[in-house]
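Peer 1:
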Amino acid sequence: MLPEFGFGVLLVSFIVTIYSGVAAVYGVTNRSAALVESARRAQLLTFPLITISSIVLIYLLVNNRFDVAFVYEVTSKSMPTYLKVTAWWGGQAGSLLFWSWLLAVFTSAITLRKWDRDIEFLPWVIVVSAVTLAFFLGMIVFYENPFTRFWLVNGNVTPSMFSPSAVATVFSPQDGRGLNPLLRHPGMIIHPPMLYLGFVAYVVPFAFAIAALITGRTDDRWTRITRRWSLWAWLFLSFGLVLGGRWAYDVLGWGGYWGWDPVEIAAFMPWLTGTAFLHSVMIQEKRGMLKQWNMILIILTYALVIFGTFLTRSGVLSSVHSFANSPIGPFFMGFVTLTLVASIALLIWRWPLLQSETEMKSMLSREALFLLNNLLFISILVVCFWGVIYPLISELATGQKVTVGPPYYERATGPLFAGLLFLMAIAPLSAWGHSTIQTLGRALWKSFALAAVVTILLTFTYTQNIYALIGFFLVTLVLSATLHEFWRGTRARQKAQKENFFTALTSLMGRNRRRYGGYIIHISMALMAIGILGIEIFQKETQGTLSQGESLNIAQYTVTYRELASWESPGEGVNYTRSVVDIYENGIYLGQLAPRIDYYYDAQQNMTIPGQRSTFRDDLYILLIDWQPVSTIGATFKIYVNPLVNWLWIGSLLFLFGIIFAAWPDKDPADVPARRKVTRDNRQASAAD
Amino acid sequence: MKMNKFLVGFFLIMAAVVYLIASSTQASAEYFLTVDELKEKGDDAYDKSLRLSGAVLGDTIQYDPQTLTLTFEIAHVTGDNKEIEQQGGLAEVLYQAVNDPTRQRVTVVYIGPKPDLLRNEAQAIMTGKLGEDGIFYAEELLLKCPTRYEEAVPDQADS
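First to last, the protein sequences are chains F and Y. In this note's numbering, each residue's number is its place in the first sequence (first place is 1) plus 1. In this note's numbering, each residue's number is its place in the second sequence (first place is 1) plus 1.
1. Are F:Ile-660 and F:Leu-238 close, meaning C-beta to C-beta below 8 Å?
2. Taking 8 Å as the CB-CB limit, is F:Arg-563 close to chain Y?
3. Should F:Gly-7 go down as buried or exposed, given a rule of 16 or more other Cβ atoms within 10 Å for buried?
4. Any chance you could list the beta strand (DSSP E) runs of at least 3 consecutive residues sitting entirely within the segment 328–405 of chain F, in chain order?
5. What residues in its chain sit with their C-beta under 7 Å from that of F:Ile-623, if we drop five residues either side in the sequence?
6. To which residues does DSSP link Y:Phe-73 through a beta bridge?
7. Beta-carbon separation of F:Phe-371 and F:His-485 under 8 Å?
8. Going straight from the alpha carbon of F:Gly-177 to that of F:Leu-62, what length do you get?
9. What does the alpha-carbon distance come out to for the pair F:Tyr-73 and F:Trp-89?
10. Note down, in chain order, every chain Y residue with its Cβ under 7 Å from the Cβ of F:Tyr-409.
11. Comparing the C-beta of Y:Phe-7 with each C-beta of chain F, is any distance below 8 Å?
12. From the beta carbon of F:Gly-254, is the nearest beta carbon of chain Y less than 8 Å away?
13. Got a sec: which bits of the segment 387–421 of chain F sit with their beta carbon under 7 Å from any beta carbon on chain Y, in order along the chain?
14. Output, in chain order, the set of chain F residues within a Cβ distance shorter than 8 Å of Y:Lys-115.
15. So if I threshold CB-CB distances at 8 Å, which residues from the segment 43–70 of chain Y count as touching chain F?
16. If you measure from the CB of F:Trp-230, is any heavy atom of the ligand MG nearer than 7 Å?
17. Rounded to whole angstroms, what is the Cα-Cα separation between F:Val-13 and F:Leu-50?
18. With DSSP run on the structure shown, which of helix, strand or coil describes F:Leu-568?
19. Within 8 Å (strictly less), CB to CB, does Y:Phe-161 reach chain F?
20. Under the three-state reduction of DSSP, which class applies to F:Ser-323: helix, strand or coil?
21. Which term fits F:Ile-438, buried or exposed, when burial requires 16 or more other beta carbons within 10 angstroms of its beta carbon?
22. For the segment 407–421 of chain F against the segment 380–391 of chain F, do three or more pairs of beta-carbon atoms, one drawn from each stretch, fall closer than 8 Å, so that the two count as touching?
23. May I ask you to list, following chain order, the residues of the segment 78–108 of chain Y that have a beta carbon less than 8 Å from some beta carbon of chain F?
24. Looking at F:Leu-451: is its Cβ nearer than 8 Å to the Cβ of F:Ile-427?
25. Is there at least one Cβ from chain F nearer than 8 Å to Y:Tyr-111's Cβ?
26. Over the uninterrupted alpha helix (DSSP H) stretch that includes Y:Gln-125, give me the two end residues.
27. Could you check which residue in F:Ala-636, F:Tyr-558, F:Val-476 has the C-alpha nearest to that of F:Asp-619?
28. Is the beta carbon of F:Asn-466 less than 8 Å from the beta carbon of F:Ile-538?
29. Any beta-carbon of chain F closer than 8 Å to the one on Y:Tyr-32?
30. Name, please, each residue of chain F whose Cβ falls closer than 8 Å to the Cβ of Y:Gly-129.
31. List, in chain order, every chain Y residue whose beta-carbon is nearer than 9 Å to that of F:Ser-380.
32. Where does Y:Lys-42 sit, in a helix, a strand or coil, going by DSSP?
33. For a contact meaning CB atoms closer than 7 Å, what does F:Asn-607 contact in chain Y?
34. Name the residue from F:Trp-125, F:Ser-508, F:Ala-210 whose alpha carbon lies nearest to the alpha carbon of F:Val-26.
35. For F:Asp-619, does the three-state DSSP call read helix, strand or coil?
36. If I'm right that Y:Thr-72 touches Y:Val-110 with Cβ under 8 Å, what's the distance once you round it to whole angstroms?
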């Protein structure tokens with residue numbers, strides 16, 4: 002009965018969602034406030050409905066209801082309860098339900114806000130979220146139903162929602178197949194929901210953008226309302242990407258964190274447009290420029306979010322992330338095309354209303370550099386998009402499937418990332434409106450000099466690799482220029498307010514959260530770049546089979562094999578094989594590491610967990626590859642030394658701190674005076690912003 | 002006049018990006034082939050960077066942990082998604098490929114850790130080169146185990 006109940010509730014929420022969209026359009030065209038209000042309430046109703054449906058699914062997952070096909074596919078008896086819950090987003094049908102639930106959460110939050118100042122947006126925001134939600138619920142109800150059950154008809158097992166014939170009986174397998182062991186890792190438990198949170202949150206700014214286009218209220222009101230949404234969306238998307246990298250490093254056992262896999266790129270693409278949007282929206286708020294461009298960016302971000310969900314879910318592209326081929330692929334493509342065409346048509350219609358209020362005057366002004374930054378982000382997007390669709394295009398054009406791998410992405414994006422780093426150093430120092438080489442030079446020459454000195458020192462002491470040196474030069478430039486900004490601001494405040502250094506620094510940052518949050522993010526990007534340069538350019542590896550007491554040498558490290566044990570863990574369904582190695586640096590004993598292999602019976606799959614020793618200088622990363630089962634005397638190891646990689650994770654943490662700092666609610670963004678209303682008193686305040 | 006300056010800058014950057022993409026595509030393009038297509042190419046296939054996919058034959062997997070040399074055979078599977086769909090999904094296609102002795106096969110050699118997902122009926126996607134000895138030397142090895150996610154119906158024998 003329970004699966005039918007869950008499905009029924011889902012069906013009801015689908016109908017309610019469609020109603021809310023239709024009622025909103027009908028209400029606004031017939032000037033019926035009551036109907037719009039009814040649409041708003043219907044919208045609010047989707048949240049409890051989808052929540053109930055989700056609770057039913059979680060109940061089924063937790064209680065081993067293997068007669069439900071989805072439960073059979075993603076859980077097994079031996080899985081602990083918390084993992085069974087995470088199977089909600091670990092499997093295809095469940096993850097679509099999770100996506101819809103998040104969207105219902107966000108749209109409810111938006112629907113409950115104070116609407117008095119911009120009531121004309123409300124119906125259209127409802128329409129956009131209702132169309133999106135209806136699409137996802139429709140996919141679930143008709144094609145990817147997580148409540149489908151197994152039925153036994155004349156000795157055959159058929160999956161179906163309802164009894165396929167009068168003689169059918171419910172079929173319940175003894176045990177499920179279990180979640181992929183790779184997904185049973187803390188990083189993987191949080192990674193998908195973080196990405197989804199980011200994906201889904203971008204629907205909100207998009208909905209407001211469309212509402213602004215339709216109503217013709219194309220000032221920057223829509224960007225002000227959604228500023229925090231796009232920041233939080235960006236936070237979650239970034240966090241999801243970082244966690245994915247960390248998970249790959251900890252669990253996939255290939256000594257890396259990012260493989261330019263199509264599925265990774267699918268999540269990276271909306272991040273690129275989202276990042277460009279965050280920057281260019283500032284130009285609109287400060288200078289009234291790039292309004293058309295911001296619309297394009299948010300429309301692209303939304304399309305890429307849906308396209309990304311489609312890429313990860315359709316199996317069109319060969320990828321390490323194995324997902325089933327699914328009937329929903331064409332629908333996603335259709336939906337993306339439709340929304341893209343409709344949004345662009347709207348944009349063309351409103352194009353004249355979105356004229357810039359000021360003209361770009363100087364090539365070195367802040368807004369020109371921001372525009373250049375946008376151009377670089379979009380270029381990286383084009384590189385990625387081309388790489389992903391190239392196999393499809395080449396097959397259509399020549400009949401031959403030709404793919405491009407990581408070398409393509411590294412080569413093509415490398416100079417673009419370098420350009421972004423350079424901009425990160427100089428753009429914050431340029432002035433709005435007008436800058437010249439002289440003014441920029443005055444602000445930057447110290448940082449340039451420092452970066453040059455550091456680079457020359459590195460040439461003699463660390464490396465002669467030209468790419469690494471360029472990278473380290475740019476990183477030093479960003480770090481010194483940005484830190485110098487903190488220093489200058491604090492000193493100025495110290496002088497003016499007679500505060501001590503620490504008070505001056507904290508109040509300076511507290512009063513300009515967005516600006517200094519942004520600077521923190523720039524610093525963190527530079528730190529992450531150090532880690533990436535380190536592992537990409539200087540990674541060392543070795544491998545070998547050792548008898549007990551034998552050693553392998555790599556860089557300054559010696560790794561000695563001590564012992565190995567293999568045991569069952571009853572109840573967990575896992576067999577552990579754990580080796581112990583001693584590690585020495587230049588002959589000095591550092592301690593022991595325990596690389597191991599876990600074997601999961603339900604999935605019949607191994608998981609290789611590396612032994613890691615992390616320092617600021619490098620990571621020693623040891624994998625147990627194989628062992629001789631009878632004697633356990635010999636074992637094979639692969640060892641990586643990954644220089645500087647820890648800075649990638651340190652940078653990631655600082656990065657998250659920076660976004661939270663920038664996005665943390667201080668006062669209602671609606672209270673921030675609009676650009677046009679700048680009075681003499683707060684002109685100074687906004688000039689410092 | 003001002004606008005022109007910006008436009009020139011814009012087109013210069015665009016040209017640079019197009020050049021970057023074109024040259025990088027050319028430098029790292031890999032032909033994606035099935036086993037049949039590889040055999041068809043004959044001598045043309047030697048010493049080019051290729052991407053090859055096929056179904057892993059479990060009995061042929063050999064691993065020498067001393068040298069980390071992994072050897073196995075793969076059988077031809079179609080690369081066409083539509084065909085796969087028509088033949089009952091990837092799991093079914095891989096199962097057929099492994100159990101059909103008339104399919105063309107290629108021996109693959111890979112030096113490195115034995116991947117966790119390598120097993121009978123897995124789909125292997127490799128990047129590497131075909132040697133003159135007819136062996137495919139893989140530099141990169143990806144594996145897909147579709148049975149894990151495919152909506153396959155459970156065996157009744159389980160119950």
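Each residue gets a CB set at the ideal place from its N, CA and C atoms; glycine is no exception. Keep in mind it's a predicted model, so treat the numbers as computed, not measured.
Peer 2: In this structure, then:
1. no
2. no
3. buried
4. 402–405
5. Val-560, Val-582, Leu-594, Pro-596, Pro-611, Gly-612, Phe-638, Ile-640
6. Y:Val-109
7. no
8. 10 Å
9. 12 Å
10. Ser-25, Thr-26, Ser-29
11. yes
12. yes
13. Trp-387, Tyr-391, Pro-392, Gln-401, Lys-402, Val-403, Thr-404, Val-405, Gly-406, Pro-408, Tyr-409, Arg-412, Ala-413, Pro-416
14. Ile-626, Asp-627
15. Arg-52, Ser-54, Tyr-64, Pro-66, Gln-67, Leu-69
16. Of ligands this structure carries none, so the ligand MG is not represented either.
17. 8 Å
18. For clarity, residue 568 of chain F is Trp in the given sequence; the question names Leu instead. Correct three-state label for F:Trp-568: strand.
19. Any answer about residue 161 of chain Y is impossible in this case: the structure gives chain Y only from 2 up to 160.
20. Because the pLDDT at F:Ser-323 is just 40, under 50, the model does not fix this residue reliably, and the value given afterwards should be weighed accordingly. Correct three-state label for F:Ser-323: coil.
21. exposed
22. yes
23. Gly-80, Asn-82, Ile-85, Glu-86, Gly-90, Leu-91
24. no
25. no
26. Reading the sequence as shown, one finds Ala at residue 125 of chain Y and not Gln. No alpha helix (DSSP H) contains Y:Ala-125, which is instead part of the beta strand (DSSP E) from 124–131.
27. F:Tyr-558
28. yes
29. yes
30. Going along chain F, no residue has its Cβ under 8 Å from Y:Gly-129, so there is no contact; the nearest lies around 11 Å.
31. Ile-14, Met-15, Ala-17, Val-18, Leu-21, Ile-22
32. helix
33. Asp-117
34. F:Trp-125
35. strand
36. 5 Å
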